[in-house]
Ligand SMILES: C[S@@+](CC[C@H](N)C(=O)[O-])C[C@H]1O[C@@H](n2cnc3c(N)ncnc32)[C@H](O)[C@@H]1O
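Residue numbers (the numbering used here): 1 to 244.
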């Protein structure tokens, strides 16, 4: 059974937490215009981003996830509100080439790679499905955050723990919570250098680590002081690479 099978519904509910706001704003700003494009979303979960891609005019959107339950939730929403998103249960570690896409995304997938070899395999399966000259965009939990700043994230509905000293593959236990519930999952620490190595090995170049952005609306609504800890200790990053 995949890790997310048992938390599919509670994970879906976490999409309501406040942390999703800067995440969506940052990612959508970086993705830009996608009308007419074909997009492969790896680790798509219940389709949070695949639906947005289709609503923004992408012609073909395919979401792949290891968890049958996550894909079931995604398909249920597709039945309720048909957008033409395709979903498939699959392991990104074993994917191979299934097409050639204008954009490949992985939203909070890579942080599940437990070893350098697994990260490399995921990146290989990104690159083989991407057209030459096109972008891969990944949202990843910010694995480099130091444990001393973890308590500052609780006001945003996030608790996390990690044994120190950390090394490649150290688990990071993350709980996302709000007034209605919580969900817990496990990421694995791999260094920024390892990520850059994996990208380069598979021909993903022009690597950029994009910082988190808070929208002007959210800054105005909650105030700079509320967001400052998140800006100083960002819980996620967006990693971009372009296929040679
Ligand atoms: C943190 S969730 C993110 C879900 C969705 N992308 C989102 O942003 O709402 C991570 C997802 O990655 C999936 N996943 C983990 N390892 C995977 C693998 N090897 N192949 C495919 N999906 C995987 C999990 O099942 C889970 O749905």
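Glycine residues also receive a C-beta, built at the ideal position from the N, C-alpha and C atoms. The structure displayed is predicted, hence computed values, not measured ones.
Residue range 68–80 is occupied by the alpha helix (DSSP H) that includes residue 70. Taking a C-beta distance under 9 Å as the contact criterion, residue 66 and residue 50 do not qualify as a contact pair. Check the Cα spacing between residue 104 and each of 152, 146, 127, 115: the tightest is with 127.
Nearest Cα to residue 28 within the set 223, 229, 221, 212: 212. If you check the CB distance, residue 236 and residue 139 come in under 9 Å. Your pair residue 185 and residue 71 does not check out as a contact, with CB atoms roughly 17 Å apart and the cut at 8 Å. Sixteen is the threshold: since fewer than 16 other Cβ atoms of the shown chains lie within 10 Å of the Cβ of residue 147, the residue is exposed. Listed in chain order, the non-local C-beta contacts of residue 189 below 8 Å within the same chain comprise 143, 162, 166, 167, 168, 169, 170, 171, 172, local neighbours out to five positions each way being set aside. The continuous beta strand (DSSP E) containing residue 65 extends over residues 60–65. Taking the Cβ of residue 107 as the reference point, at least one heavy atom of ligand 1 falls within a distance shorter than 8 Å.
When the alpha-carbon of residue 136 is set against those of 55, 204, 83, 46, the nearest one is in 204. Taking the C-beta atoms as reference points, residue 77 is found no nearer than 9 Å to residue 43. Residue 159 and residue 182 have their alpha carbons spaced roughly 10 Å apart. Looking at the DSSP output, residue 215 sits in no beta bridge, so it has no partner there. Uninterrupted alpha helix (DSSP H) stretches at least 4 residues long and entirely within the region 91–139 occur at 116–127, given in chain order. Per DSSP, reduced to three states, the secondary structure at residue 10 is helical. Minimum Cα-Cα distance from residue 96 among the listed residues 209, 73, 130 corresponds to 130. For a cut-off of 8 Å, the C-beta gap from residue 73 to residue 118 is around 25 Å, too long to register as a contact.
Taken through DSSP and simplified to helix, strand or coil, residue 243 comes out as strand.
Residue pairing by DSSP places residue 88 opposite 64 in a beta bridge.
A distance below 6 Å between beta-carbons, with the five flanking residues on each side excluded, links residue 100 to the following residues of its chain, in chain order: 131.
In this structure, residue 134 places its C-beta atom within 9 Å of the C-beta atom of residue 243.
Given a length threshold of 3 residues, each whole run of the beta strand (DSSP E) inside the region 171–201 is given here in chain order: 171–178, 181–188. By DSSP's assignment, residue 227 forms no beta bridge with any residue. Counting only the Cα atoms, residue 83 lies some 20 Å from residue 107. In this structure, the beta-carbon distance from residue 69 to residue 5 falls below 9 Å.
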